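Let me begin by presenting the structure, written as structure tokens, before commenting on it.
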Amino acid sequence: MIRFPCFVLLVSSVGLTGTFSTALGAVPVMAPPAPPAAPAAPQPAPAAKVPQKSEVAAPACHYKGREVSAAWIDQQYAYFQNKIACVGDKFYDISRALMGPRRYVTFTPPAIGELRISFPWSSTVLQVVGNDEAIISDDDLTFHVRGIDPAKHIDGAPFKNMCLIYTGTYQYVSVMGAKHTIQDFVIYKPITREQFVAALDGGLELVQYKIVTKKVWKMQGGRRILSNETETEIVAQPVEGESKP
Numbered sequence: 029m030i031r032f033p034c035f036v037l038l039v040s041s042v043g044l045t046g047t048f049s050t051a052l053g054a055v056p057v058m059a060p061p062a063p064p065a066a067p068a069a070p071q072p073a074p075a076a077k078v079p080q081k082s083e084v085a086a087p088a089c090h091y092k093g094r095e096v097s098a099a100w101i102d103q104q105y106a107y108f109q110n111k112i113a114c115v116g117d118k119f120y121d122i123s124r125a126l127m128g129p130r131r132y133v134t135f136t137p138p139a140i141g142e143l144r145i146s147f148p149w150s151s152t153v154l155q156v157v158g159n160d161e162a163i164i165s166d167d168d169l170t171f172h173v174r175g176i177d178p179a180k181h182i183d184g185a186p187f188k189n190m191c192l193i194y195t196g197t198y199q200y201v202s203v204m205g206a207k208h209t210i211q212d213f214v215i216y217k218p219i220t221r222e223q224f225v226a227a228l229d230g231g232l233e234l235v236q237y238k239i240v241t242k243k244v245w246k247m248q249g250g251r252r253i254l255s256n257e258t259e260t261e262i263v264a265q266p267v268e269g270e271s272k273p
């Protein structure tokens, strides 16, 4: 008779671990290895940070050869934005003219960039010659203006008390075929901050003007005395660059 060994498998309640009982003794049974873990899914690369408007460095601006801060520019622009005229790519300080007596358009051309006012009683639109251009008549005086409001400044409309900047001359041909050369103006508009920065970079020097009232000295009885009469004068005060610590 052939005898076979008797195997007894003791199975634990948690897996295939246990022992084989044989004639040679107990043989341990090992659990199969756990399957390898799945590889982690690749993480997307972090999105590039988009700089906010406040984080974007503004281009440097220079005044009198020195770099100035954006805060200084903002402060000066708030004061000078309606005191500087732009003609093409050039800038003109008109703050002194704004403080003096009104100077009207006359037959004598002013210097380029100077401020003039259209007459308050007789200036009218003689003819609209473009989208924003017109020939203005003031009795015997005729001049050309750019920057008009097409909805308001139509043929025959009044053109009174307009602030104008002289830009040179303008030529046109009349209905009779005659060629005319007349003064050319542009309606004044405050400059933008970008234009103000360009003006500073281009070398424009800022000047603040103020009106000073003072008493008048007079001679009385051979002596020079300070009278109660007063007079005014306009005093220029150049703007220096930014003071930095």
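Position in the sequence shown counted from 1, then plus 28, gives you this note's numbering. For glycine and all other residues, C-beta sits at the position ideal for the given N, C-alpha and C. All values derive from a computational prediction rather than experimental measurement.
A Cβ-Cβ distance of about 7 angstroms is found for the pair Val214 and Leu192, placing them in contact under the 8 angstroms criterion.
Straight through space, the alpha carbons of Glu257 and Val115 are spaced by roughly 42 angstroms.
Following the DSSP letters along the chain, one finds Val225 in no beta strand (DSSP E) but inside the alpha helix (DSSP H) bounded by residues Arg221 to Asp229. Taking 9 angstroms as the cut-off, the Cβ atoms of Val133 and Ser146 count as close. Glu261 and Glu142 have their C-alpha atoms some 21 angstroms from each other. Annotation for Ser165: the continuous beta strand (DSSP E) segment containing it runs Glu161 to Asp166. A distance below 9 angstroms separates the beta carbons of Gln223 and Ile112.
For Asp102, the three-state secondary structure derived from DSSP is helix. Gln109 has its alpha-carbon roughly 20 angstroms from the corresponding atom of Val263.
Per DSSP, the unbroken beta strand (DSSP E) holding Ser255 starts and ends at Arg251 to Pro266. DSSP, reduced to helix, strand and coil, places Leu126 within a helical segment of the structure shown. Distances from the CA of Leu169 to each of Gln236, Ile182 and His208 were compared; the closest alpha carbon is that of His208. Looking at the backbone, the Cα of Asp121 and that of Ser202 are separated by about 35 angstroms. By alpha-carbon distance to Met127, the top candidate from Gly205, Lys238, Val173 and Gly175 is Lys238. Going by DSSP, Phe213 is part of the beta strand (DSSP E) stretching over Lys207 to Ile215. The three-state reading of DSSP puts Phe187 in coil, since its state is none of H, G, I, E or B. Rounded to whole angstroms, the Cβ separation of Val157 and Ile182 is 12 angstroms, and the two are not in contact under 8 angstroms. In the structure shown, the three-state DSSP call for Phe108 is helix.
A distance below 6 angstroms between beta-carbons, with the five flanking residues on each side excluded, links Gly269 to the following residues of its chain, in chain order: Tyr91, Lys92 and Arg94.
Between Pro186 and the set Ser165, Ala88 and Lys217, the nearest pair of CA atoms involves Ser165. Boundaries for Leu234: no beta strand (DSSP E) harbours it, and the DSSP string shows neither H nor E there.
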